[in-house]
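In what follows, a single structure is set out as structure tokens and then discussed.
There are 2 protein chains.
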Amino acid sequence: MTAPNSLASMIFRPSNCVDILNHVIFRQSGVIQEAVEFSDRQWSTNLPSSMEPTPLLQTSHHVPEDNPQMQLMKRARAMISFDVQKLTAVIFGSEEAARDHEDVRLDHELQMEETDPSILPRIYRGSGRKKQYHDGLMWGKLYLEQDSLNSRFVSYTPKYNIFSASPFGHQLELFGATVKLLGDEEQCNHCTFAQTELGHGTLVRGLQTTATFDPFTDEFILHTPCVTATKYWPGGMGYSASHALVMARLIVGEMDHGVHAFLVQIRSLVDWKPVTGVDSGDIGTKMGWGSVDNGYLSFDRVRIPRRHMLMKNTKLSANGIYTPSPHDKLLYGGLTKGRVGVALTAAFQLAQPVTIATRYSTVRQQGYMGGVEEVPIIQYKTQHARLLKHSATSYAILFSIKDLSETYQTHTSRLEKRDLSLLPFTHFATSGLKAICTEMAASAAEDCRRSLGGIGYSFLSGIPHIVGDITSLVTVEGENYVMYQQAARYLMKAVKAVREEREVHPSLAYLKSFLGNACPSNTNFEDTNAQLQLYQHRAARLLFECHDALSSLSGTPEQLWNEYLLELVAATRAHFHLFLLESFLRHVSHIQDASVKRVMKHLSDLYALTEVVYSSEGSLGFVEDGYLSQRQMIRIREIIRQKHRLLLPEAVGLTDAWNFSDASLQSAVGQRDGNVYKTLMGWTRQLPMNVEVRREGGVENIGYQKYIQPLMAVGRVKSQL
Amino acid sequence: MTAPNSLASMIFRPSNCVDILNHVIFRQSGVIQEAVEFSDRQWSTNLPSSMEPTPLLQTSHHVPEDNPQMQLMKRARAMISFDVQKLTAVIFGSEEAARDHEDVRLDHELQMEETDPSILPRIYRGSGRKKQYHDGLMWGKLYLEQDSLNSRFVSYTPKYNIFSASPFGHQLELFGATVKLLGDEEQCNHCTFAQTELGHGTLVRGLQTTATFDPFTDEFILHTPCVTATKYWPGGMGYSASHALVMARLIVGEMDHGVHAFLVQIRSLVDWKPVTGVDSGDIGTKMGWGSVDNGYLSFDRVRIPRRHMLMKNTKLSANGIYTPSPHDKLLYGGLTKGRVGVALTAAFQLAQPVTIATRYSTVRQQGYMGGVEEVPIIQYKTQHARLLKHSATSYAILFSIKDLSETYQTHTSRLEKRDLSLLPFTHFATSGLKAICTEMAASAAEDCRRSLGGIGYSFLSGIPHIVGDITSLVTVEGENYVMYQQAARYLMKAVKAVREEREVHPSLAYLKSFLGNACPSNTNFEDTNAQLQLYQHRAARLLFECHDALSSLSGTPEQLWNEYLLELVAATRAHFHLFLLESFLRHVSHIQDASVKRVMKHLSDLYALTEVVYSSEGSLGFVEDGYLSQRQMIRIREIIRQKHRLLLPEAVGLTDAWNFSDASLQSAVGQRDGNVYKTLMGWTRQLPMNVEVRREGGVENIGYQKYIQPLMAVGRVKSQL
Ligand SMILES: Cc1cc2nc3c(=O)[nH]c(=O)nc-3n(C[C@H](O)[C@H](O)[C@H](O)COP(=O)(O)OP(=O)(O)OC[C@H]3O[C@@H](n4cnc5c(N)ncnc54)[C@H](O)[C@@H]3O)c2cc1C
Ligand SMILES: Cc1cc2nc3c(=O)[nH]c(=O)nc-3n(C[C@H](O)[C@H](O)[C@H](O)COP(=O)(O)OP(=O)(O)OC[C@H]3O[C@@H](n4cnc5c(N)ncnc54)[C@H](O)[C@@H]3O)c2cc1C
């Protein structure tokens, strides 16, 4: 397995079926090896006919003449002081991995016929719910037919992400598993994971769908007893899935044994019609995930064989005897991987708007700044401060998730030896990082969008699509405020342990050396240890204060917890900011190439210090207790200004390093060569509605005849009065 | 004129043509009376046939049975301790105004047949660019046909806002003006304001479209000399406008006289075809404003008569003699009103997601919090802290804009006496408030969306639509970072004046009494004067520091300005936070009803103190210089917790007071009666794609035949291997 595989293997699989399956199996057996194997597909790679470009779009590849924007871009690239490819290798793990990744991507883009930047990208060639859905099916089919994409190319961009861009994403990995489960008897190519209901998302044990055992027929009866029990959200459930792994309450006689997993066929494999008793459909337009038919589903007494309950360990015998699983701790095992994947997705999905915004800001000239020539907007301090900060954030997320993945991998290999020792820490770190990374990425992406002015508001800039997708990450795979609390619980236990002089995980050892002192006046803030101390001081102080608050007052533990929830979330964020900074510094210290290392050290300085003086909410934590003096804050701002100066010429390089192609960004104004205006006008003219109206002689006829003409008529009468 | 009229007259008219026309006329004459008169339309109010509900939707009005959610809502309403209608009167100016507003709205909703909450609202009955556009035309036609809507009902919700929900919004007010200008000769019902070009938005004097005078024919030749000169963005310009007020460079012989306004017919009034030389179309899908055909437009030597240049004062004679306008100061006069309108829109558009999120959080139960019954999520501290904060913000914006409108009105009445004394202050206050209000509203709206969990991601929650619209406000009518700088310039002049002991505007007098002291230890933070002092101290300190930074170093003024831009923006924000708080406190102090006043005082306390400890970026400013001690910060957090406790039972009342109807919110989960789940399921089933698929027997046939079946077939073969 090459490096990209291992990165890809971490990548976002929302409601990851394998993981949930694992989790279910875990819950029931505690044995990880019993999970899933992939069946290696080598299906036809013929291009489906729907993908043939329409005549209009069969333009020859357009090589643009040079123009001022392209010159600005060239000039900007000439200023970069480091070896961009070397940084790409850092991102993907090795030069080989980076090349491999690029090959796969290029291959895919050729298949999709998306390599000519003068042609309007497919996603903009039409609109409406149905078009989006069919796009998703088409992408998904292509993925399934190209094995290399499956394993090496998930989640690179929102558009190249089978999980949020295709109805098939949700069942991909379940394929092998269910076939295995069902033997030869039945096909189960398209299985969705149906957990969330109208009434319950976070509180899984509150689910209301029932699976009642009928001992006379040895079957379960799946039923939706009330409207809130309707399944709502599962990806692919609307029209695309033949089967669903349904989380439902197991009812045996009078007994409710709580939520278990049941494999239910929901559509006929002959004609795809819903089986009797199943009502399902699409839930409509969303902020993003347009190509996925997230669906609803209700059961009216649908029967399945008893062995379709997943029971690796929990058992229900034919005579109705229930044997619960002895292992409950493993409940979260499966969820963890999905969360790691979400956070990594956040890094890549943030790097895209940063790339687009940095490129456009490099060639967009607006205003004079005292000179005679208009300046590229990246020159404005507010502009480059925002973009460099977001650029740094995308790296911070990436590095922290690389570290988290390592922890996760150690954890899973220990699990194979039935060693659960790393489970609590892995679960804790994953919950907290998932929350902080997705939160940072979502707001940074939107800020990139705004930094473009009007054009960021247009889908042709490529950013609204990403903003719509990325903001889902704060909710999926564990809602962030719930995640923060899971992490906070672990942290509060750690504080207690420190106070009782018990051992804690090494990454929390800093709690032991908290002094409550002030920052030494001669601190050098470019020293990475000094930076770490700042973050450690803040996190430790806030965590100790929370622990005091929870211990000192009257009220039930739940009430106290709730009363100090804002402080707990702030303290938890402070801890994970430390985690992020540690990872950033560690990865920078390992960089071999001197030119890359120098620039990345500036970037980590900028990252570390920007949080101190220009962060949302976080800054207060550094100064409230008098830890940093006003003098030191002034000094920190000076360093930041200096870092901005040093990093401004590197901004394009820092984003080029992620190596997104024009085809993957699908942004008219994020064109790599800077040829933004011609591309934008070309794409605009190719929009289907414009093509159609031109064909009709320049008039949008329905609108004209139905609304405009009648108004004009009345207007005419009136003006003659 | 009743009060709602005066409120409505302030409401958002993006790229407000009257204002721009005023601005042009201003620029050329300085005389406001010469501006526009409305022609009073009394067009047909017949319902267009397209508005007849489709058979499917002709359900009878559905009176839902009681259910747990509706009971929770009733219980919550029973807890409200104040007279909600009295607060509504505060919002709309008087009880009469509030009633009048409600009447108009009801009338409109009846016309639209949108009063039955069990029926899927029109905006969700279809998707795609064309459907959106036709919706906009239909809405716009209805508005134009109902005079009362035009003047009393603009901008109440994104869906009831002719400016962002209809192609006609952009020309509405220009109607009378242009008819007047053109005499009887020509019709100009549908005129767009065409300023922004691909290459220039903020820098208006950089526009590149040319209007070259041809003395032989006494005409101008409108031309687009390069791709960046293409007009891009103007609302209604794609397919709906017959005329455009085009901002273009006036070229006479070799002389370039800069940007002037020209009225250009772009479509035939006979058959609506583009006139020769005009190429226009839609710019495609955007984050919001779906129903507006924001368009592009290029000219290939299009000729117009000389008198179609707007020249009230600037003149160009038939023999090419150019007489410039003597008044340049009035340039910003017209822009101001549009910005006031944008900020007021932000208040109403924020109040909507707050209403939806508060209602849903009141009836959504998830988790136990130690008890045996699931708790409504609003009980979670993070949830009500967020929602109450955003609720307070919507009021803060509203009150500050009421004050700003007064300033604006005083200013315009002075202008009529050719008294320009209030111009700089009005322009300053408007720029700064526009920026801060839209910024706060946009992020609060998105936070409301996230607070709902998954359902906030679905369009049926009503929030994504609002988030998409509201985020445009940071860009339109003056990009926020540009606006902050305009305000900062005024503030730096004020600091200079204070330092030189000259007079400043009364609202800046606080600069004179800045002490640089620490906050007295016995300060009572519920005292409004103490709150104001906190804000004054922060703003003054930051402003003085900026002024020092700009004066003390070497570099050109422009370089220094840019170097300290982050600090300038932060200081400017601090000043406008003071403005917002002052307005809030003033309006609360004027409230008559004791019950309302008590609750609103708690809300203003919460608003004032939340900024101190839980704000984005802002908190630092209060403590960095040691002004507030750690002890005081602890005390402030205690007060906030207490306010949360007091305000939690009022949350629903605080949002009910805005008096949005279900029809105007178009949110399944924001239903006033709490009947969220049945409504949501009902709407979901009515989605057009689901209706169609049901009609086809439960299979989405294209997707199945083209993509799913071929995959299945291959899968089947494989599994037999
Ligand atoms: C794009 C997308 C794809 C999805 N795909 C699938 C899928 O394939 N299969 C599937 O089963 N589901 C899927 N889901 C559903 C998803 O798993 C749920 O949305 C998620 O679990 C959150 O649950 P909820 O929406 O019910 O929110 P709730 O649990 O109702 O929470 C709502 C809000 O209440 C607050 N809250 C709740 N609990 C607490 C607490 N303890 N403390 C503080 N605040 C709290 C939070 O603000 C939260 O946002 C998908 C959702 C989305 C958006
Ligand atoms: C929904 C919508 C409707 C619109 N309707 C109309 C219409 O009807 N008619 C019309 O003519 N136009 C319209 N516009 C265009 C709108 O007026 C412009 O988008 C706006 O003026 C900003 O200009 P720009 O987009 O060219 O951004 P630019 O001026 O190019 O600015 C881009 C970015 O650069 C940065 N920047 C620029 N200058 C500075 C500076 N001095 N200091 C610091 N940073 C800076 C900012 O981050 C800014 O966001 C509309 C736009 C939208 C989004």
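Protein sequence lines, in the order shown, are assigned to chains A and B. So the first sequence is numbered by UniProt numbering: it starts at 1 and just counts up by one. So the second sequence is numbered by UniProt numbering: it starts at 1 and just counts up by one. Every residue, glycine too, gets a C-beta built ideally from N, C-alpha and C. In this text, all values refer to a predicted model and were calculated from it rather than measured experimentally.
Checking 9 Å against the spacing of the C-beta atoms, do B/Q208 and B/G201 come in under that value?
no
Neighbour-count burial assignment, B/G703, 16 or more Cβ in a 10 Å radius:
buried
Going straight from the alpha carbon of A/V363 to that of A/L460, what length do you get?
17 Å
Starting from A/T410, follow the alpha helix (DSSP H) in both directions and report where the run begins and ends.
K381 to E416
To be precise: take each residue of the region 224 to 235 of chain A, compare its Cβ to all Cβ atoms of chain B, and keep it if any distance is under 7 Å. Which residues remain?
V227, T228, T230 and W233
For chain A, check one thing: does any of its Cβ atoms lie closer than 9 Å to the Cβ of B/A98?
no
With a CB to CB cut of under 6 Å and the five nearest residues on each side skipped, what residues in its chain are close to B/K231?
A194, E197 and L297
According to DSSP, is B/K273 part of a helix, a strand, or is it coil?
coil
Quick check: the Cα distance between B/R635 and A/A539, rounded to an integer number of angstroms?
21 Å
Go ahead and pull the three-state DSSP assignment for B/C191.
strand
What is the rounded straight-line gap between the Cα of A/L711 and the Cα of A/T684?
28 Å
Heavy atom of ligand 1 within 8 Å of B/E373 beta-carbon
no
At which residue ranges does the region 260 to 304 of chain B contain complete beta strand (DSSP E) runs of 3 or more residues, listed in the order of the chain?
278 to 282 and 295 to 299
Would you list, in sequence order, the uninterrupted alpha helix (DSSP H) runs of no fewer than 4 residues that lie entirely inside the region 92 to 161 of chain B?
95 to 112, 129 to 145 and 147 to 152
Quick check on the DSSP output: the beta strand (DSSP E) that includes B/R499 runs from which residue to which?
Counting along the chain, B/R499 falls outside any beta strand (DSSP E), though it belongs to the alpha helix (DSSP H) covering N480 to R499.
N- and C-terminal bounds of the beta strand (DSSP E) containing B/I378
Per DSSP, B/I378 belongs to no beta strand (DSSP E) and is neither H nor E.
Rounded to a whole number of angstroms, what is the C-alpha to C-alpha distance between B/T178 and B/D256?
Low local confidence applies: a pLDDT of 42 at B/T178 is under 50, so the model's placement there is unreliable, with the coordinate-based value given in what follows. Going from the Cα of B/T178 to the Cα of B/D256 covers about 26 Å.
For A/I377, verify whether its CB is less than 8 Å away from any heavy atom of ligand 2.
yes
With a threshold of 8 Å (Cβ to nearest heavy atom), would B/H644 be considered close to ligand 1?
no
At a CB-CB cut-off below 9 Å, which residues of chain B make contact with A/R129?
G126, S127, G128, L687, P688 and M689
Compute every distance between the C-beta of A/Y380 and the non-hydrogen atoms of ligand 2, then say whether any falls below 8 Å.
yes
In the DSSP assignment, find the alpha helix (DSSP H) that holds B/E638 and state where it starts and stops.
Q630 to L647
Rounded to a whole number of angstroms, what is the C-alpha to C-alpha distance between A/A248 and A/T217?
19 Å
Please name the residue or residues paired with B/S443 in a DSSP beta bridge.
Note: B/S443 sits in no beta bridge, so no partner.
Beta carbon of A/W272, beta carbon of A/S242: below 9 Å?
yes
Euclidean distance between Cα positions of A/T475 and B/E503:
53 Å
Okay, do the region 389 to 396 of chain A and the region 578 to 596 of chain A touch, 3+ Cβ pairs below 8 Å being the bar?
yes
Alpha carbons only, please: which of A/V693, A/L110 and A/L316 is nearest the one belonging to A/F262?
A/L316
Using the DSSP secondary-structure output, state which residues sit across from A/Q208 in a beta bridge.
DSSP, once it has assigned bridges, lists no residue as partnering A/Q208.
Taking all protein chains shown into account, do 16 or more other C-beta atoms lie within 10 angstroms of the C-beta of B/D605, making it buried, or fewer, making it exposed?
buried
Any non-hydrogen atom of ligand 1 within 8 Å of A/F193 CB:
yes
Residues in the region 459 to 473 of chain B having any Cβ partner in chain A nearer than 7 Å:
F459, L460, P464 and S472
For the alpha helix (DSSP H) containing A/A571, name the first residue and the last one.
L565 to H590
How is B/I356 classed by DSSP in three states: helix, strand or coil?
helix
What residues in its chain sit with their C-beta under 6 Å from that of A/A244, if we drop five residues either side in the sequence?
T192, A194, V264 and I266
Return the residues of the region 271 to 284 of chain A that lie within a Cβ-Cβ distance of less than 9 Å from chain B, sorted by chain order.
D271, W272, K273, P274, V278, D279, S280, G281, D282, I283 and G284
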